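S.K.: In the numbering used here, the protein residues as written are 3 to 342. Got a structure for you, questions after.
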């Protein structure tokens, strides 16, 4: 099943002005006649109206999850056509919404509209469908998880980040191996593919909390800026983007603000501003205050995975210690726990 949400891949040029506007599903598929040659039975459902990825919010994630749930027994796999700007957020969020997923849910899109001569849309869409339909001799899906396919690379959805606004190679999985690579042949990296319990039924959990914030550190950050974020009404969780391997200023006021907020029940998750590498709290003295303030490690999670996971966990848990424990526990392969 193809799920059209919107984005560049669903856009086309208008004849009179040349400006881009959304196309209906039939016109998008009409630009890819090669789909008729695939040995795959295709069906599609489309958001009406289509959504620009900059306008994506949690209600969109819920709609996608419910479409998959309602059609789960009818199809072998699902391909979600989505705008690139927030695709990594959506792929991460969906990975945490599904429980015991045993079928592929593959996000893809394009940097150029499907109707443009040099568009990357065709290759991304065709191969994503092939990957979603692939299975072993027992009928089990080859990649039964939420993933993202772009420019020949299949990546775990909650491990991806958009790395370029211009290149076709727009996404990267800096801290985790590819799940598959498409060239003349499709090569799967089976040892890196996540497997859920096959004996349990697939369910979805769409409860979330939007009472979260992101605090990005920078040299010279002012106390007033930090206070403004930590005093947001009803705030329950904050992802802190720290320096390097999880370091932060040692200013006493910064520690005191975090400590006071932590005592009020706000959960802090530490992720690195670096694209590659992991948070190692306690390695340097500049991260010790974070530990003392009750901040938990996000290990090597991406920002996209950390914030969406925090939203989902806060929606399901009300005990602060339970939230902290779950944030430090891999749920869908979104983090790697390194041994000391």
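C-beta: ideal position from N, C-alpha, C; glycine also. Predicted, not measured: the structure shown is a model, and the values here were computed from it.
Run through the stretch 198-238 for me and flag every whole beta strand (DSSP E) of 3 or more residues, listed as ranges in chain order.
M.R.: Those beta strand (DSSP E) runs which fall completely within the stretch 198-238 and span 3+ residues are 214-218.
S.K.: If contact is defined by three or more beta carbon pairs under 8 Å, each pair taking one atom from either stretch, is the stretch 58-76 in contact with the stretch 285-297?
M.R.: no
S.K.: Pop quiz: residue 116 and residue 14 are said to be a contact at Cβ under 8 Å. What is the actual Cβ separation, rounded to whole angstroms?
M.R.: Residue 116 to residue 14, Cβ: 7 Å. Contact.
S.K.: Per the DSSP calculation, residue 24 is bridged to which residue(s)?
M.R.: 13
S.K.: Roughly how many whole angstroms lie between the Cα atoms of residue 269 and residue 35?
M.R.: 50 Å
S.K.: Could you say if the stretch 141-153 and the stretch 51-63 meet the contact criterion of at least three C-beta pairs nearer than 8 Å?
M.R.: no
S.K.: Whose C-beta lies closer than 7 Å to the C-beta of residue 288 among residues of the same chain, with five residues either side of it excluded?
M.R.: 249, 250 and 252
S.K.: Would you mind working out which of 316, 299, 4 and 52 sits nearest residue 126, comparing C-alpha positions?
M.R.: 4
S.K.: In three-state terms, what does DSSP make of residue 5?
M.R.: strand
S.K.: Which residue's Cα is closest to the Cα of residue 273: 282, 265, 266 and 267?
M.R.: 282
S.K.: Just the Cα atoms here: how many angstroms apart are residue 38 and residue 169?
M.R.: Each residue's alpha carbon lies about 29 Å from the other.
S.K.: Name the DSSP beta bridge partners of residue 190, please?
M.R.: 182
S.K.: Less than 8 Å separating the beta-carbons of residue 328 and residue 315?
M.R.: yes
S.K.: Rounded to whole angstroms, what's the CA-CA distance from residue 24 to residue 52? Just pull it up for me.
M.R.: 7 Å
S.K.: Assuming contact is defined by CB atoms lying nearer than 8 Å, are residue 118 and residue 7 in contact in what I supplied?
M.R.: No. Outside cutoff.
S.K.: Label residue 325 either buried or exposed according to how many other C-beta atoms from any shown protein chain fall within 10 Å of its C-beta, with 16 as the threshold for buried.
M.R.: buried
S.K.: Pull the bridge partners of residue 156 from the DSSP assignment, please.
M.R.: 151 and 182
S.K.: Measuring alpha carbon to alpha carbon, tell me which residue in 300, 222 and 156 is nearest residue 192.
M.R.: 156
S.K.: Would you call the CB atoms of residue 176 and residue 45 closer than 8 Å?
M.R.: No, Cβ-Cβ distance for residue 176 and residue 45 is not below 8 Å.
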